[in-house]
Amino acid sequence: MDLPLCSFDLRTGIFCPRCSEKLERGLYTDLDIRVMKKLVELEKEFTKLQRAGYVRTVDGEDAVFIVLKEGSLRDLDFREQAQLRKILEKELEKPVRILEDAADPIKFIEKVVVPARIVAINKIWLPDGSEETRIILDHERNLKIKRESLIRVVEEVKEMKINIDFEKKLAVYGRTRRRGKKTTLSHEVMNNSDSSQK
Ligand SMILES: [Zn+2]
């Protein structure tokens with residue numbers, strides 16, 4: 177496997193000067209080390225991992241996101257990916273998502289949010305001159321990970337600040353409908369869904 181740290185160091189737990197320097201610079205966390213160490217071990221069982229590359233691991237709110245280089249998962253079939261995920265979940269004691277990086281940050285976000293879809297992207301300039309990207313997803317229902325996790329993964333992997341919104345939301349409509357002002361509100365809902373389908 178293509179790793180940013182020597183696989184020998186990962187196995188022994190003693191880091192050479194080059195790897196130590198990377199760790200001192202804070203490029204990789206203890207979690208990265210744990211995941212890389214486990215992946216090196218797993219190469220024996222999952223030989224296709226030898227052609228994979230490691231990018232980084234992000235500890236999200238509700239899951240650990242293991243990001244591999246583009247094309248790393250190509251050779252692993254669905255069953256092998258599920259097995260790999262299960263082993264890593266047992267090791268890390270948290271749900272795990274294994275995904276591939278993409279050179280284009282938007283393509284990467286598309287992979288993270290699946291089965292949700294991106295419907296619009298806007299750039300926002302903040303008063304301090306920094307930039308934030310507003311990503312609008314199709315429906316809150318389709319985002320299966322926590323919003324905070326998504327923001328963290330994109331920030332750590334792509335160094336990009338994002339803000340998430342949805343074209344259609346869950347709670348608001350549900351609550352207003354139950355409150356009884358049925359007719360006008362349900363019309364609004366219907367109009368919204370009409371316009372979004374175009
Ligand atoms: Zn080393």
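Using the numbering used here, you'd call the opening residue of the sequence shown number 177 and step up by one each time.
All residues carry an ideal CB built from backbone N, CA and C; glycine is no exception.
In the DSSP output, what is residue i paired with across the bridge?
{"i": "GLY202", "result": "Beta-bridge pairing links GLY202 to no other residue."}
{"i": "ASN339", "result": "ARG310"}
{"i": "ALA239", "result": "Looking at the DSSP assignment, ALA239 forms no beta bridge with any residue, so it has no partner."}
Would you decide whether residue i is buried or exposed? Buried here means 16 or more other CB atoms lie within 10 Å of its CB.
{"i": "ASP185", "result": "buried"}
{"i": "PHE222", "result": "buried"}
{"i": "ARG353", "result": "Residue confidence for ARG353 is low, a pLDDT of 49 falling below 50, so the modelled location carries little weight; the figure read from the coordinates is stated next. Result: exposed."}
{"i": "ARG232", "result": "buried"}
{"i": "LYS358", "result": "Caution applies to LYS358, whose pLDDT of 44 falls short of 50 and renders its modelled position unreliable; the value that the coordinates give is listed next. The residue in question, LYS358, is exposed, as its Cβ has fewer than 16 Cβ neighbours within 10 Å."}
{"i": "CYS195", "result": "buried"}
{"i": "ARG273", "result": "buried"}
{"i": "ALA228", "result": "buried"}
{"i": "ALA239", "result": "buried"}
Is there at least one non-hydrogen atom of ligand 1 closer than 7 Å to the beta-carbon of residue i?
{"i": "ARG201", "result": "no"}
{"i": "LEU215", "result": "no"}
{"i": "ASP314", "result": "no"}
{"i": "ASP185", "result": "yes"}
{"i": "ARG323", "result": "no"}
{"i": "LEU181", "result": "yes"}
{"i": "PHE191", "result": "yes"}
{"i": "ARG194", "result": "yes"}
Let me check understanding here. Comparing Cα to Cα, which of the options lies closest to residue i?
{"i": "LYS322", "options": "GLU335, THR309 and PHE241", "result": "PHE241"}
{"i": "GLU246", "options": "VAL333, GLU307, LYS337 and PRO193", "result": "VAL333"}
{"i": "ILE285", "options": "PHE222, GLU267, ARG255 and MET336", "result": "MET336"}
{"i": "VAL216", "options": "VAL290, PHE254, LYS344 and ARG187", "result": "ARG187"}
{"i": "ASN339", "options": "GLY229, PRO193 and GLU331", "result": "GLU331"}
{"i": "GLU197", "options": "ARG210, LEU207, LYS213 and PRO180", "result": "PRO180"}
{"i": "LYS270", "options": "GLY236, ALA228 and SER306", "result": "GLY236"}
{"i": "LEU218", "options": "MET177, VAL295, ALA279 and VAL272", "result": "MET177"}
Are residue i and residue j closer than 8 Å when you measure CB to CB?
{"i": "ARG293", "j": "LEU313", "result": "yes"}
{"i": "LYS220", "j": "LEU252", "result": "no"}
{"i": "LYS344", "j": "GLU308", "result": "no"}
{"i": "ASN318", "j": "ARG310", "result": "no"}
{"i": "VAL243", "j": "LEU275", "result": "yes"}
{"i": "LEU326", "j": "VAL288", "result": "yes"}
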